[in-house]
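Peer 1:
Numbering (full-length UniProt numbering), first residue to last: 1 to 307.
1) Here's the rule I'm using: 16 or more other beta-carbon atoms within 10 Å means buried, otherwise exposed. How should residue 19 be labelled?
2) Pick from 196, 210, 294 and 28: whose alpha carbon is nearest that of residue 136?
3) Could you pull out every residue in the same chain whose Cβ sits closer than 6 Å to the Cβ of residue 110, ignoring the five residues on either side in sequence?
4) Does the region 241-258 come close enough to the region 278-293 to have 3 or more Cβ pairs within less than 8 Å?
5) Quick check: what's the CA-CA separation for residue 151 versus residue 276?
6) With the cut-off set at 7 Å, would you say residue 138 and residue 99 are in Cβ contact?
7) Just mark residue 54 as buried or exposed, buried being the case when its beta carbon has 16 or more other beta carbons within 10 Å.
8) For the structure I just gave you, are there three or more beta carbon pairs, one from the region 24-42 and one from the region 55-72, closer than 8 Å?
9) To the nearest angstrom, report how far apart residue 204 and residue 191 are at their CA atoms.
10) Tell me the residue span of the alpha helix (DSSP H) that contains residue 225.
11) By alpha-carbon positions, which one of 232, 244 and 264 ends up nearest to residue 294?
12) Under DSSP, the alpha helix (DSSP H) around residue 294 begins and ends at which residues?
13) Assuming residue 214 and residue 208 are in contact, meaning their beta carbons sit under 8 Å apart, how far apart are those beta carbons, in whole angstroms?
14) Could you tell me the distance, in whole angstroms, from the CA atom of residue 227 to the CA atom of residue 237?
15) Using the C-alpha atoms, what's the distance from residue 141 back to residue 211?
16) For the candidate residues 134, 84 and 85, whose alpha-carbon lies nearest to that of residue 103?
17) Please confirm whether residue 33 and residue 58 have their CB atoms less than 7 Å apart.
18) Taking 6 Å as the limit between beta carbons, can you name the residues of its chain near residue 196, skipping five residues before and five after?
19) Specify the secondary structure class of residue 87 as computed by DSSP and reduced to three states.
20) Look at residue 124 and residue 189 and say whether their C-beta atoms are less than 7 Å apart.
21) Is it buried or exposed for residue 165, if we count other Cβ within 10 angstroms and need 16 for buried?
22) For the putative contact between residue 318 and residue 177, defined by C-beta atoms under 8 Å, what is the C-beta separation to the nearest angstrom?
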């Protein structure tokens with residue numbers, strides 16, 4: 001009888017999806033995301049790989065944020081075969097990285113204080129400046145969600161909401177940057193040693209994606225061994241593998257015996273293999289530090305796989 005007295009639909013709509021602090025952050029993500037790519041598409045303009053990446057990142061984040069808000073508001077996420085807490089935490093971290101990258105790339109390549117030539121003129125400049133501002137606000141909105149949903153010390157939560165889980169998203173994102181630099185004329189095929197480094201990057205990336213996928217789909221309990229212990233072992237092996245790449249790659253790319261210690265003078269900017277090798281070396285050390293931090297944090301986390 002109690003349930004029959006409830007207002008129609010009252011048990012299905014969740015007002016906290018938009019009224020809570022996390023809901024407010026998600027509503028701002030939708031508002032800032034729609035405003036950003038609308039300004040760019042209307043008069044700001046974009047071109048090339050950089051502009052396409054920015055528009056794709058904003059569009060992807062807006063679409064997924066809309067899906068998250070709709071599922072939270074209607075409680076439809078309970079019908080999905082996903083660990084909803086892991087999914088939203090992983091997406092918020094990924095969207096933070098994508099929006100941060102776009103917020104840097106778009107002003108760097110397209111925004112200038114002086115007016116471009118006609119027919120774009122000063123109107124295009126103003127739209128690009130406004131889009132750059134809203135791109136920064138979009139990044140802050142996603143970062144706010146990550147900060148609000150991140151697990152606190154001693155809290156029992158979903159794995160992707162822990163520092164270790166969030167670091168997995170960052171590690172995969174950095175690996176994608178490494179792959180982009182490898183593909184862009186890095187000449188990694190010259191030596192077996194540099195091919196080993198590529199194998200390290202690929203293996204660790206696939207294993208990290210597998211950990212994220214198992215967490216998001218809620219299948220961590222069917223592995224036959226404790227998931228947290230398995231993650232610690234994998235992270236330890238990843239540290240050792242990345243440590244080997246951090247030693248081997250610079251030696252075979254920048255040592256005078258095998259490569260160039262400095263940037264060749266006849267190497268054109270924007271299409272130089274030495275630049276790609278430097279990017280790979282830099283982000284190899286970045287990911288090594290991320291895996292070390294992950295190993296340190298994974299020693300003391302507690303989580304529930306199905307949250």
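For glycine and all other residues, C-beta sits at the position ideal for the given N, C-alpha and C.
Peer 2: This is what the structure holds:
1) Position 19 of the chain shown, counted from the start, is the residue given in the question as residue 19. Residue 19 is classed as exposed because its beta carbon has fewer than 16 other beta carbons within 10 Å across all chains shown.
2) Position 136 of the chain shown holds residue 136. Looking at the Cα atoms, 28 is the closest of the given residues.
3) Here residue 110 refers to the residue found at position 110 when the chain shown is read from its first residue. Contacts found: 128.
4) Contact holds: three or more Cβ-Cβ distances are below 8 Å.
5) As a position in the chain shown, residue 151 is number 151, starting the count at 1. As a position in the chain shown, residue 276 is number 276, starting the count at 1. Just so you know, the alpha carbons of residue 151 and residue 276 end up roughly 36 Å apart.
6) For the purposes of this step, residue 138 is taken as the residue at position 138 of the chain shown. For the purposes of this step, residue 99 is taken as the residue at position 99 of the chain shown. Going by C-beta atoms, residue 138 is nearer than 7 Å to residue 99.
7) If you number the chain shown from 1, residue 54 lands on position 54. Around the C-beta of residue 54, 16 or more other C-beta atoms lie within 10 Å, and the residue is accordingly described as buried.
8) Judged by Cβ distances under 8 Å, the region 24-42 makes contact with the region 55-72, as three or more pairs qualify.
9) Here residue 204 refers to the residue found at position 204 of the chain shown. Here residue 191 refers to the residue found at position 191 of the chain shown. The straight-line gap separating the alpha-carbon atoms of residue 204 and residue 191 is approximately 20 Å.
10) For the purposes of this step, residue 225 is taken as residue 225 along the chain shown, with counting starting at 1. Segment: none, residue 225 is in no alpha helix (DSSP H) and carries neither H nor E.
11) Your numbering for residue 294 matches position 294 in the chain shown. Minimum Cα distance to residue 294 is reached at 232.
12) Position 294 of the chain shown, counted from the first residue, corresponds to residue 294. Looking at the DSSP string, the run of the alpha helix (DSSP H) that includes residue 294 is 273-297.
13) Here residue 214 is taken as the residue at index 214 of the chain shown, counted from 1. Here residue 208 is taken as the residue at index 208 of the chain shown, counted from 1. Not confirmed; about 11 Å, so no contact.
14) Stepping through the chain shown from its first residue, residue 227 is reached at position 227. Stepping through the chain shown from its first residue, residue 237 is reached at position 237. A direct Cα-to-Cα measurement between residue 227 and residue 237 gives close to 15 Å.
15) Taking the chain shown and counting its residues from 1, the one referred to as residue 211 is at position 211. Taking the chain shown and counting its residues from 1, the one referred to as residue 141 is at position 141. For residue 211 and residue 141, the distance between alpha carbons rounds to 26 Å.
16) Counting from 1 along the chain shown, the entry for residue 103 is found at position 103. Scanning 134, 84 and 85 for the CA closest to the CA of residue 103 turns up 134.
17) Here the question's residue 33 lines up with position 33 in the chain shown. Here the question's residue 58 lines up with position 58 in the chain shown. Yes, they are a contact pair.
18) Taking the chain shown and counting its residues from 1, the one referred to as residue 196 is at position 196. Cβ within range, chain order: n/a, list empty.
19) Working through the chain shown from its first residue, we reach residue 87 at position 87. Here residue 87 sits in helix by DSSP.
20) On the chain shown, position 124 is the one that residue 124 refers to. On the chain shown, position 189 is the one that residue 189 refers to. For residue 124 and residue 189, no; Cβs fall outside 7 Å.
21) Sequence index remark: in the chain shown, residue 165 carries index 165 (1-based). Buried, because 16 or more other Cβ atoms sit within 10 Å of the Cβ of residue 165.
22) Residue numbering for the chain in the displayed model covers 1 to 307; residue 318 lies beyond these limits and cannot be assessed.
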